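For reference, the structure is listed below as structure tokens.
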Amino acid sequence: MIRVRRGSAGVKIERAGIVRTFVAWLVGLVTFFPFLYLVLSGFKSEIQASQMPPLIIPAPGGLQGLPLAFSPTLDYYANVLGSGFLPYLVNSLIAVLGSSVLVFMLALPAAYALGLGRMTHHRDVLFFFVSTRFLPVVGVIIPIFIIAKDAHLLDNVLALVIMYTAMNLPLAVWMLRSYFADIPRDILDAARVDGANVVQELGYVALPMIRPGVVATFFIGIIFAWNEFFLAVILTAVKSTTVPIYMLGFESLIGLFWAQLAAAGTMAALPIVLLGWVAQGQLVRGMSMGAIK
Amino acid sequence: MTPGIRKPTLRVPVIGPFVVWCRHNWLVAPAVLYAILVTQVPFILTIWYSLQRWYLLRPDLSGFNGLNNYLDIFQTSRFTNAILTSLVMTSSAVILSLVLGLIYAELVNVRFPGRAVVRTMLITPFLVMPVVTALAWKNEMFSPTQGLLDWLISPLGGRPVDWLASFPLQSVIVVIVWRWSPFMMLILLAGMQAIGEDVREAARVDGAGAWAEFRYIVLPALKPYMQLCILLGSVFIVNEFDSIYVLTFGGPGTATTNFAFLIYQNTFAAYDIGHSAAMAVIVVGITIVLVMFLLRLLGRLMEDNLQ
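What follows is the structure, encoded as structure tokens:
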């Protein structure tokens, strides 16, 4: 007998048996393990970090008798923070937040007009945006590099802000458009009858109604910009390098410092992982350009 | 200038109507102009560069080179090898992550204790910074001295394997699949939720087994979603760069040099602008075919959603 109940989305979902539950947990844990192990290694000493079998139970203080246990330390976090991580963090924050602000200034009005369909060549414009997102970045990087070099924008965070804006703009336009399109048309028409102009209609009526969508779009843009590496490795050198570039510095000739690398990697990746967990319900909408809700 | 003779003006037929369009659609125009300026104009410049002989370190050799760059890049096997590597890497990574994503999705498309936690664990690989992902796999999984893979095979009597040296392409593919299968899962889950339990239940009442239910109910209904997975996955994975840079740096030899990495090397290590630009133009040409299919599919899905 299969028991069926309504799930959160209002659709019926089947209840799993014990075997399937066990398999699901097992697959989940195995998939998650590489990241979990990275996080754990950041709290070990260098000797513990390369020990086999792997130590996977953080046991502060008295539980040292346990197999696979280790006593966690924050030493390597202190090392990383003390060894010049912060300038990279600041550059990343400038690139990510700067581009996000620019994206919203450009995308909000555009998505509004496109979402309501009150314009000519509506489809052409939408597909123009999406095609700019899908064309390979190698197709533009050479002139961008040359122009940046001539304009003295190499190794300047501004170059990353400009490029990340272009990278996230289509995504934001498509996502926000899909939220605007969900607003009942009567409400906007009513505002217009009451004498609201386009700016008021957008700012006071439409925008508050899609606030969760705006937040989700913002988050997804941040995820892409924060993790971006190709443009950063080409357009920055010393002063304006971002967190992904900082991570490369651990592979040095004087040997591997795995625990320290793990601590730095956790600091680089965890904020975005947490952000993604929060936004996971909207992630698919962002990745499919709003085509799937 | 002699009076009476009008100065000839450069007339581009598209610009006039475009300016009119921009004035009528002033809400959209800034975003469109920005995208043109940062993506379309550079691409046109790439085409122009591809016709030049241009080495950044030897400006004295510069000059118009016609289509010779295009002929040159097919003279050696470097570029064709990179295209082949991209093809193998992308197709196997897309297929494997699609299959894995389908398994993930089937597993969490049922209710069980901790379903939200498992789902969250499964999407995590997609969120981890790709450079960190590659560093983690390189040092905690593939490493011949402290890697978990070697430790796992040691009871089977296996000798330590230097995975990145012995199986470079396979290792890179494994990392890409780990990262992209959660993405496939998310799209397929959306598709599965659109089927509705009623249909699946009806099939079961009619006596369909688990496999029959999956084969004849779930798979056909998921078809457009799987197409979306394949096309989106290909468009993103074909440009893979981060994991190659960190794991193998294109090697050993050129075993993992896909075209993104080759163009990177040829531009920023050899400073050979002309040939790199020619490669980039060809890569864009190949991708446009993929993107056209993708746009058609997105258009269809969008229409479905609008109804």
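Protein chains in written order, with the numbering used here: chain A, -14 to 278; chain B, -13 to 293. Glycine included, each C-beta is placed from N, C-alpha and C at the ideal position. These numbers were taken from a predicted model, which means no experiment stands behind them.
Using a beta-carbon distance below 8 Å, is L143 (chain A) in contact with chain B?
L143 (chain A) does not count as touching chain B.
Does the stretch 206 to 215 of chain B come within contact of the stretch 121 to 130 of chain B, defined as at least 3 CB pairs closer than 8 Å?
With fewer than three CB-CB distances shorter than 8 Å, the stretch 206 to 215 of chain B does not count as touching the stretch 121 to 130 of chain B.
Can you find at least 3 beta carbon pairs, one from the stretch 92 to 104 of chain B and one from the stretch 6 to 22 of chain A, that sit closer than 8 Å?
Contact holds: three or more Cβ-Cβ distances are below 8 Å.
Report yes if the C-beta distance between T234 (chain B) and L150 (chain B) is below 8 Å; otherwise report no.
One thing to note: T234 (chain B) has its Cβ within 8 Å of the Cβ of L150 (chain B).
With H, G and I counted as helix, E and B as strand and the rest as coil, what does DSSP make of Y231 (chain B)?
Three-state DSSP puts Y231 (chain B) in a helix.
Quick one: list the residues of chain A neighbouring H261 (chain B), beta-carbon separation under 7 Å, in chain order.
Simply none; closest approach about 11 Å.
Along the stretch 134 to 165 of chain A, what residues have a CB closer than 8 Å to any CB found in chain B?
The residues in question are I147, M148, T150, A151, L154, P155, V158, S163.
Which residue wins for smallest C-alpha separation from A141 (chain A), given the options A:M272, A:Y73, A:L260?
Checking the sequence shown, residue 141 (chain A) turns out to be Asn, not Ala. It is A:Y73 whose Cα lies nearest to the Cα of N141 (chain A).
Bounding residues of the alpha helix (DSSP H) (the contiguous stretch that carries W123 (chain B)):
Per DSSP, W123 (chain B) belongs to no alpha helix (DSSP H) and is neither H nor E.
Selection from B:V104, B:F50, B:W34, B:S152 that minimises the alpha carbon distance to W262 (chain A):
The candidate whose alpha carbon is nearest that of W262 (chain A) is B:V104.
If we define contact as Cβ-Cβ less than 8 Å, is N212 (chain A) a contact residue for chain B?
Taking 8 Å as the CB threshold, N212 (chain A) lines the interface with chain B.
Which residues of chain B have a Cβ atom closer than 8 Å to the Cβ of G69 (chain A), listed in chain order?
Here the premise fails: no neighbours, minimum Cβ distance about 17 Å.
Is any beta-carbon of chain B found at less than 8 Å from that of Q265 (chain A)?
Yes, Q265 (chain A) lies at the interface with chain B (some Cβ there is under 8 Å from its Cβ).
Report the residues of the stretch 82 to 97 of chain B with a CB closer than 8 Å to any CB of chain A, ordered along the chain.
So the close ones are I89, Y90, L93, V94, N95, V96, R97.
Is L284 (chain B) closer than 8 Å to M104 (chain A) when the C-beta atoms are compared?
No, they are not a contact pair.
Residues that A54 (chain A) bridges to, as DSSP identifies them:
When beta bridges are read from the DSSP output, A54 (chain A) appears opposite A:I42.
Note down, in chain order, each residue of its chain lying with its Cβ closer than 6 Å to the Cβ of I79 (chain A), except the 5 sequence neighbours on either side.
In chain order, V142 place their CB closer than 6 Å to the CB of I79 (chain A), counting only its own chain and leaving out the 5 sequence neighbours on each side.
Mind pulling the chain A residues with CB within less than 7 Å of W123 (chain B)?
Those within 7 Å of W123 (chain B) in chain A are P19.
So, does the CB of Q132 (chain B) fall closer than 8 Å to a CB anywhere in chain A?
Chain A, which has a Cβ nearer than 8 Å to the Cβ of Q132 (chain B), makes this yes.
Excluding the 5 residues preceding and the 5 following I126 (chain A) in the sequence, name in chain order all residues of the same chain whose CB lies nearer than 8 Å to its CB.
Around I126 (chain A): F215, L216, I219.
Could you compute how far the alpha carbon of G234 (chain A) sits from the alpha carbon of L192 (chain A)?
Cα to Cα, G234 (chain A) sits roughly 43 Å from L192 (chain A).
At a Cβ cut of 7 Å, what residues of the stretch 277 to 291 of chain B count as close to chain A, listed as they run along the chain?
Cβ contacts with chain A: V277, L280, L281, L284, L287, M288, N291.
Can you name the residues that DSSP bridges to D258 (chain B)?
BP columns for D258 (chain B) point to B:Y41.
How close, in whole Å, do the beta carbons of T273 (chain B) and T71 (chain B) come, if the pair is a contact with beta carbons under 8 Å?
That pair is no contact at about 16 Å.
Which residue from A:P155, A:L111, A:T227 puts its Cα closest to that of A253 (chain A)?
Comparing Cα positions, the closest option is A:T227.
Per DSSP, P50 (chain B) is paired with what?
As written in the sequence, residue 50 (chain B) is Phe, which differs from the Pro given in the question. Under the DSSP definition of a beta bridge, F50 (chain B) partners with B:Q38.
Length of the line joining the Cα atoms of G374 (chain B) and R201 (chain B):
Lying outside -13 to 293, the shown extent of chain B, residue 374 (chain B) is not represented and no answer is given.
Same chain only: Cβ atoms within 7 Å of M37 (chain A), ignoring 5 sequence neighbours per side:
Taken in chain order, the list of residues that qualify is empty.
Would you please verify whether the beta carbon of L120 (chain A) is less than 8 Å from any beta carbon of chain B?
With 8 Å as the cut-off, L120 (chain A) counts as an interface residue toward chain B.
Within the same chain, show all residues whose beta-carbon is closer than 6 Å to that of G198 (chain A), passing over the 5 residues directly before and after it, in chain order.
Only Y164 meet the Cβ criterion.
Please name the residues in the stretch 101 to 125 of chain B whose beta-carbon is closer than 7 Å to at least one beta-carbon of chain A, in chain order.
Under the 7 Å Cβ criterion, the stretch 101 to 125 of chain B contributes V104, T106, M107, L108, I109, T110, P111, L113, V114, M115, P116, V117, V118, L121, A122, W123, N125.
Reduced DSSP category for E199 (chain B) - H, G, I as helix; E, B as strand; rest coil
Here E199 (chain B) sits in helix by DSSP.
Contacts around V269 (chain A), its chain only, beta-carbon distance under 6 Å, and the 5 residues preceding and following it disregarded:
The beta carbon of V269 (chain A) lies closer than 6 Å to those of I277 in the same chain, with the five residues before and after it left out.
Spatial neighbours of L87 (chain A) within its chain, please: CB distance less than 6 Å, with the 5 preceding and 5 following residues excluded, ordered by chain position.
T150, listed in sequence order.
With DSSP run on the structure shown, which of helix, strand or coil describes R145 (chain B)?
Looking at R145 (chain B) - three-state DSSP - the assignment turns out to be coil, as it is neither helix nor strand.
Return the CA-CA distance between A249 (chain A) and G27 (chain A), expressed in angstroms with no decimal places.
Cα to Cα, A249 (chain A) sits roughly 8 Å from G27 (chain A).
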